[in-house]
Amino acid sequence: LKSRLEDVDGILVIHLTMRTGRTLQEILKSQKPTTVFAIPYSGHGWTGFGSLRKQELGAKLECILTSDYKQLAVAIRPFRAIHHLREARILNLTTRSFAGYADNIKSKFGTEIKKIELKRVLDACDAVDDSQAQAEAERWTKGAVKVVEPSREEIFKSCKLALAFEKLLDEEDATVVTADCYGSMHRPLCQSYAYPCIGFIRLNNMGLGGICESDLQSAMTHILYQGLVGKPGFISDPTVDASNNSIILAHCMGTTKMDGPDGPAAPYKLR
Numbered sequence: 507l508k509s510r511l512e513d514v515d516g517i518l519v520i521h522l523t524m525r526t527g528r529t530l531q532e533i534l535k536s537q538k539p540t541t542v543f544a545i546p547y548s549g550h551g552w553t554g555f556g557s558l559r560k561q562e563l564g565a566k567l568e569c570i571l572t573s574d575y576k577q578l579a580v581a582i583r584p585f586r587a588i589h590h591l592r593e594a595r596i597l598n599l600t601t602r603s604f605a606g607y608a609d610n611i612k613s614k615f616g617t618e619i620k621k622i623e624l625k626r627v628l629d630a631c632d633a634v635d636d637s638q639a640q641a642e643a644e645r646w647t648k649g650a651v652k653v654v655e656p657s658r659e660e661i662f663k664s665c666k667l668a669l670a671f672e673k674l675l676d677e678e679d680a681t682v683v684t685a686d687c688y689g690s691m692h693r694p695l696c697q698s699y700a701y702p703c704i705g706f707i708r709l710n711n712m713g714l715g716g717i718c719e720s721d722l723q724s725a726m727t728h729i730l731y732q733g734l735v736g737k738p739g740f741i742s743d744p745t746v747d748a749s750n751n752s753i754i755l756a757h758c759m760g761t762t763k764m765d766g767p768d769g770p771a772a773p774y775k776l777r
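Okay, so the sequence shown: first residue is 507 according to the numbering used here, each after it adds one.
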């Protein structure tokens with residue numbers, strides 16, 4: 507049994523009968539994330555799951571006690587997230603060093619983080635067909651509730667950058683891109699060419715990842731939760747308004763499809 511479990515991401519145990527304690531303990535010795543799906547009347551073993559989880563042997567054990575077979579899909583989400591992390595690849599547009607963090611992440615999760623140069627990004631922008639970028643800009647403009655500050659040219663350039671991001675991800679077989687937009691890339695990219703915000707939101711809407719400010723920790727969290735629930739998240743500087751019990755995400759990046767790529771799109775403004 508142990509040799510058969512060496513290369514798996516996780517183990518789903520379906521509890522069917524009584525006297526399975528020894529079998530479960532042997533499975534847990536593999537030290538793989540394990541979820542037990544226990545249906546009512548399948549036995550009384552579930553009464554010991556709680557104490558088992560408090561032991562070192564059961565540190566990676568989770569239990570679902572239900573008659574709803576749809577929860578089987580929920581039970582394997584953590585395994586999907588683990589696999590998702592290992593298959594993910596992040597492109598980081600920055601001049602700063604992040605080698606130590608990248609090595610630790612690669613060792614722990616299998617996720618690769620690769621530096622990408624500004625010249626390559628700008629070359630990719632130049633290679634984007636103007637008509638495609640214009641069509642993309644029209645889609646974003648027509649779909650907006652309101653265009654507040656940006657000019658047509660600024661939106662056009664941001665859409666060129668957005669299409670370039672997608673092309674670079676395809677070329678590198680990557681899933682996430684992030685840029686040091688308020689650091690080493692603020693002047694040469696954001697001020698001199700275009701802001702990457704549309705590109706980031708577009709990737710998040712597609713089920714990929716666009717992360718601002720070379721925030722690698724947030725990039726990893728984004729990948730993890732996409733694997734767990736299939737939905738993106740926000741990276742923001744929050745502020746609180748206690749008068750109406752609200753939290754305002756002041757900036758930086760989000761998505762118009764908070765329910766995932768197949769969900770409805772929320773209204774937005776271009777600013």
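Just so you know, even glycine gets a beta-carbon here, dropped at the ideal spot from N, CA and C.
Boundaries around Arg-595 are those of the beta strand (DSSP E), 595-599, since no alpha helix (DSSP H) includes it. Around the beta carbon of Asp-629, a 10 Å sphere encloses fewer than 16 other beta carbons of the protein chains shown; the residue is thus reported as exposed. Per DSSP, the unbroken alpha helix (DSSP H) holding Thr-529 starts and ends at 527-534.
Beta-bridge annotation (DSSP): Met-759 is paired with Ile-741. Take the alpha-carbon of Ser-573 and the one of Ser-698: they are about 58 Å apart.
In the three-state reduction of the DSSP assignment, Phe-585 falls in the helix class, which pools H, G and I.
For Thr-647, the enclosing alpha helix (DSSP H) covers residues 636-649. Excluding sequence positions up to five before and after Leu-558, its CB lies within less than 7 Å of the CB of Gly-564 and Leu-567, all in the same chain and listed in chain order.
The C-beta distance from Gly-760 to Phe-740 rounds to 4 Å, short enough to meet the 8 Å contact threshold. By the criterion of at least three beta-carbon pairs nearer than 8 Å, the segment 735-752 is not in contact with the segment 682-692. Residues of the same chain with a CB within less than 7 Å of the CB of Ile-704, apart from the 5 flanking positions on each side, are Trp-646, Ser-664, Cys-665 and Ala-668 in chain order. In the three-state reduction of the DSSP assignment, Ile-729 falls in the helix class, which pools H, G and I. Around the C-beta of Leu-597, 16 or more other C-beta atoms lie within 10 Å, and the residue is accordingly described as buried.
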